[in-house]
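Chains as they are written, first to last, in the numbering used here: chain A, 18 to 276; chain B, 8 to 233; chain C, 5 to 341; chain D, 3 to 329.
By construction, the Cβ of each residue, glycine as well, lies at the ideal position given by its N, Cα and C atoms.
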Amino acid sequence: MAKEQPGSPASFVDQLVVPGDVVLDLSNMANQTIKLGSGLRQESDAISVTKAGKFRLSKPNKYWVESSQKRYVPCLGDSILGIVVDSKADNFLVDIKGPALAFLPVLAFEGGTRRNIPKFEAGTLLYVRVVKANPGMNAELSCTDASGKAAEFGPLKDGYMFECSTGLSRTLLSSPPCPVLEALGKKISFEVAVGLNGRVWVNAASPSTVIITANAIMKSESLSVQSDLNLYAWMEDICSSCGVVYGDTQTPAIQPSIW
Amino acid sequence: MEFVSPEGLRLDGRRPTEMRQIRAELGAVAKADGSAVFEMGNTKVVAAVYGPREVQNRSQQLSDQALVRCEYSMANFSTGDRMRKPKGDRRSTEISLVIRQTMEACIMTHLMPRSQIDIFVQVLQADGGTRSACINAATLALADAGIPMHDLVTSCSAGYLNSTPLLDLNYVEDSARGPDVTVGILPKLDKVTLLQRISCRLCMTDTTGEYKGIRISTRWINYNEG
Amino acid sequence: MEQRLANTWRFTVNERKFIETALLSDLRVDGRRPFDYRNLTVNFGKEDGSAEVQMGHTHVMGFVTAQLVQPYRDRPNEGSLSIFTEFSPMGDPSFEPGRPGESAVELGRVVDRGLRESRAVDTESLCVLPGRWVWAIRIDLHILDNGGNLLDAANIAALAALMTFRRPECSLGGEDGQEVIVHPPEEKEPLPLILHHLPIAVTFAFFANENSVAIDPTHHEEAVMGGRMTTTLNANGDICAIQKAGGEGVLQSVIMQCLRIASVKAGDITEKIKKAVDSFNTHTALKKIKRHPSSIPMDVDGADSKLREKQKSLVDKKATIPCPSENVVRETKSLDQ
Amino acid sequence: MRGTQLPLNQTQKVRLQRALQQLESLSSKINSNASVTVADSIPVNYEDGVLKGHGTSELNGEIIATVCGIVERVNKLVYVRALRARYKPEVGDIIVGRVVEVAPKRWRIEINYSQDAVLMLSSMNLPDGIQRRRTAIDELNMRSIFEESDVICAEVRGFQHDGLHLQARSQKYGKLKRGQLLTVPPYLVKRRKQHFHYLEQYGIDVILGCNGFIWVGEHVEATDDMVEEQVSKSEQQTMNSDGILTDMEEQEQVSTPLEIRRYVCRAANAVRVLSTLGFIVTIEVIVEIVNLSSSMNLDIHEMLGSEFCVLVTEKEVERRTLTKKKG
């Protein structure tokens, strides 16, 4: 699609691109500095795409391809959900859906010292931050924010964790808040933690609420560019499929936008 | 064919809910940590347990519980016509799995992390009910090895021929292709852990008969242990 | 070591605990109640005897083929039925390539027991020439995606494939009447298999805490459960096979309750399969009508004689009968079953 | 009871049976109905409060046994001592084991436990006897200390996160040479003050490992000093141990005299007899049996015959009756 005007970036921005598409022609853009993000490759003057997704531009000059995938490529500063796999003397080995296990140093906790190393059994779910992500190396995680405070990081107790695509988790974290979350939040109260690596943790007072929330979020994955869709009807559908009555008849104020 | 005479006796002279004579002996394999020979009539099975010991394939090691493995085999001379079956055919693979899962359920595996328990069961003579005999032998061998267990599993088979429920089938009754069932129970908890039924068109037979038989066998095993 | 850890599927303590606690209040993660079955869809391939079953994320394909072989010596006038399973790493990373693993063998054996020992397929009608030629039916079950409860899905796939399978008709010919002629489908309408009843496998999962039970477990639930029982029943409520291979102990009364539920489910599933097969049959029948009508009103001498010639040559070709060279693993009723 | 597989003639059978019966009558008064099998319920007095120990679990408010064995009660603690099981290590146990693997900075040792034990290079006295940090060179030379399939003697240090650790911080521990390793069920070896024994009259050493591994070998001077040796002692001692080392090297050249070899075999057979009969293995009994066999002018191989076994059983009865009377 949109093959007419290679060279003019505007023609590709926010369009779907596939590997091999030449999205920018630098010869037309002399004396401009541009920054390339993931999914783009420079071949002399041509900038071509290496993975399928949406071509994005962040003004003034940052370009990248945004894609939705099941696996996660660690990226500095991302908040993610990891699962403890094993503990070694210096590190916890954590699964982050990435190409390799990540290391969480045993001291990377608020006020962490050798004497108060936390104990996590295999299978513990952690909300962590990526602090080192170099290709070819295991990523390094931390349970503190930049100032060394625990913030919200740390183990997540109870609740339910499910996996989705990285694209969906990004949508859930977007601002303005994701319509599905907002619509759900109007009716029921729940806690949610979204990891950029495509893992979502949900907790609520009753298991049925957790199940509704989890299913609603999981099913919103396939709910894409249907602007005329009635979110309320959709939600009720999910609730009835979960065997729960959604509640009062008021339609949520927000209609789903494109995501 | 008539499997139950009008007088209510079976081909080998037993009553329908009568078991064959059972005999068990512990310590049949000196090298093993625990071992047992179990006989049900002419069916004779030997079981040996090694472990808990260091895990041989370290990649299989479990950090929170013991790894249980089981190998079932049938000696070539165990049946009437000598057979030369390749090792690891589908039937023995399945029985190995069944024995392993049955034993795994009653071994307190969490007490022996990072170790491995091997159960070897071999049929020396087959005359029906080898599956049950193997389970009984394996239980005794595990008890002999001093491995902590929730309960002793006891097992027995039953069938339905000539519209009579029969307990503990022998080979002739077994090969009549009537419905039959193998039950493994945990007598103390009074729960069923193993249940395999192979049958053609059958309404439910009452299981009281076989339970009775299994109770007897449990009692007998206890006596034997003491 | 690390490589091994990197490739296995993770399961969090949270999920495990949640699945168990939700079951206590009769809820399941995918919104089902403990005794709800997942949505079942059966699709058929273009050829006869292939079926695809989808239950949630579980996706199994069944394919039936037949071959003329020599019968077993102890049953000279019966055809045979064998089941092969293929668990490729594509369906689940825990399946290892190469020889079938324990779970693949167990699945094959349980489906086999349900079908064969309950004599669902009429094997005597598969005999062509007693002692010489019989049809050997082979069912291949391929796991395309493992979303839990492969056994039930595989069993349904096998049944659906068997129900749509058509074997070529054959007759005896030659000077001594001992030669087998296999008629191609254009010549004689292929024959369906005779199925006496449909044994349906229904699987229950048992959980350690508070003796919870759930039907048709998903992949996640299978990772949590302490034991499993597969009951194979037909729509009449006859029990064909039960498999509970160890695991969590269960009270006798619970087993009886499961059997009652299973017999209801077996009825439902039978309905669904029959409906799917019926619609497939009418569909193919319609296609035939569309395809052939032009040939029927054709003039007699032209095309028809040509057709006859063609048939003749086909018959000649059939003088060479496929040799039973393939090793079909056969599982005789073993001593202790 | 496990049957002992001995080819017995009629009189021997009667004698053995009688002896066993006597043994039973001697012991049964102490522990009459304390033996349990798996899933038997153990009667307890709940009012006093109960602590569940090894081999027990709770089911429906009842305490049940999880192994076959003898119920033991210590104050509130109730536990079941398994009759036959693999070795259960306790800190401070002296054990004999076999090296199965030389790994980085450690040896892995098979000790009849559910896992292999670990002996770190750092918890082991170096051959030069000097206390210092272990260098990379020491690590490279590990095979010159112990290599695969060597039999060694060590002490249980305790459980670490990666398994059971041993230590050998004394000259009495270390590689065992010129002798026999015997394996008996671990419950036949009782924990005592002394596990190293030097039988001067025969010139042999006997080490009764708590894990059921028993070493019978030619006497080595280093183990002569049977008093607990402290690690942090003066340099004088290290010099002393140096001297012993050279001593050992010298000894290596000369082969073991035939007489001593005979005694090694005799003692080993004594242990074998006890193991087949299922009697507790103590140094006193071993000495007694060795003496008995020599006084009867029995050949070494005849010790394993049924006649001798019956005789040993009868002796055991005598011994226990005597101790009983004394008691």
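C-alpha gap between D:GLY245 and D:ASP130, whole angstroms: Note that D:GLY245 scores a pLDDT of 45, beneath 50, so its modelled location is shaky and nothing firm can be said.
Inter-stretch contact at 8 angstroms, needing at least 3 Cβ pairs: the stretch 20–39 of chain B / the stretch 181–189 of chain B: no
Beta strand (DSSP E) segments (min. 3 residues) lying fully within the stretch 71–126 of chain D: 71–76, 79–84, 96–105, 108–112 and 119–126
Delimiting residues of the alpha helix (DSSP H) encompassing D:SER277: 260–279
Cβ neighbours of C:PHE22 in the same chain (closer than 8 angstroms, five flanking residues each side left out): VAL33
The stretch 95–109 of chain D contacting the stretch 72–87 of chain D, beta-carbon criterion three pairs below 8 angstroms: The way I'd put it, the stretch 95–109 of chain D doesn't touch the stretch 72–87 of chain D; fewer than three beta-carbon pairs between them come closer than 8 angstroms.
Segment contact flag, the stretch 219–234 of chain C with the stretch 170–186 of chain C, C-beta cutoff 8 angstroms, min 3 pairs: no
Partner residues on chain B for C:GLN247, Cβ-Cβ distance less than 7 angstroms: Per Cβ cutoff of 7 angstroms: GLN203.
Test: A:LEU173 CB closer than 8 angstroms to a CB of chain C: yes
Span of the beta strand (DSSP E), counted from its first residue to its last, around A:ASN108: Membership of A:ASN108 in the beta strand (DSSP E) is indicated by the continuous run 108–112.
Same chain only: Cβ atoms within 6 angstroms of C:SER299, ignoring 5 sequence neighbours per side: Reliability of the predicted coordinates at C:SER299 is poor, the pLDDT of 49 falling under 50, and no value is obtained from them.
Chain-ordered residues of the stretch 104–125 of chain C with a beta carbon less than 8 angstroms from chain A: none
Start-end ranges of the alpha helix (DSSP H) lying completely within the stretch 243–297 of chain C, minimum 4 residues: Counting only runs of 4 or more, we get 256–295.
Closer than 8 angstroms to chain B by CB, C:GLY251: yes
Contact with chain B by C:GLN261, beta-carbon distance below 8 angstroms: no
Counted within 10 angstroms of its Cβ, other Cβ atoms place C:SER309 as buried (16 or more) or exposed: Bear in mind that the predicted position of C:SER309 carries a pLDDT of just 49, short of 50, making it unreliable; the figure below should be weighed with that in mind. Exposed, since its Cβ has fewer than 16 Cβ neighbours within 10 Å.
Nearest-angstrom Cα separation, counted from B:ALA165 out to B:MET26: 10 angstroms
Chain-ordered neighbours of C:GLY95 on chain A, where CB pairs are closer than 9 angstroms: Those within 9 angstroms of C:GLY95 in chain A number zero; the least Cβ separation is about 16 angstroms.
A:ALA139 to A:LYS166 span [Cα, whole Å]: Here the C-alpha atom of A:ALA139 lies approximately 25 angstroms from the C-alpha atom of A:LYS166.
Contacting residues, own chain, Cβ-Cβ under 6 angstroms from A:LEU143 (five flanking each side not counted): GLY99 and PRO172
Reduced DSSP category for B:THR161 - H, G, I as helix; E, B as strand; rest coil: strand
Test item: CB-CB of D:ASN271 and D:LEU306 under 8 angstroms: yes
For D:GLN173, three-class secondary structure by DSSP: If DSSP states are grouped into helix, strand and coil, D:GLN173 belongs with coil.
Boundaries of the alpha helix (DSSP H) in which B:GLN108 is found, first to last residue: 97–113
Chain-ordered neighbours of C:VAL254 on chain B, where CB pairs are closer than 9 angstroms: LYS198, VAL199, THR200 and LEU202
For A:LEU189, the nearest candidate out of A:MET46, A:ASP42, A:SER96 and A:GLY128 (CA to CA): A:SER96
Outcome for B:GLY87 when other beta-carbon atoms lying within 10 angstroms are tallied against a minimum of 16: B:GLY87 comes out exposed.
Chain-ordered chain E contacts of C:GLY230 [CB-CB under 9 angstroms]: This model lacks chain E altogether; the protein chains it does include are A, B, C and D.
Where A:SER61 falls, given that 16 or more other Cβ within 10 Å makes a residue buried: exposed
Residues near C:LEU155 by beta carbon distance below 8 angstroms, same chain, minus five either side: So the list reads LEU111, VAL114, VAL115, ALA205, THR207 and THR234, once near-sequence residues are dropped.
DSSP state of D:HIS197 mapped onto helix, strand, coil: coil
CB contact below 8 angstroms: B:ALA112 versus chain C: yes
Same chain, Cβ closer than 6 angstroms to A:PRO116, neighbours up to 5 away in sequence not counted: none
Span of the alpha helix (DSSP H), counted from its first residue to its last, around A:LYS204: 196–204
Buried versus exposed, by CB contacts within 10 Å (16 or more), D:LEU18: buried
Selection of the stretch 14–25 of chain C by Cβ proximity to chain A, strictly under 9 angstroms: ARG14, PHE15, THR16, VAL17, ASN18, GLU19, ARG20, LYS21, PHE22, ILE23 and THR25
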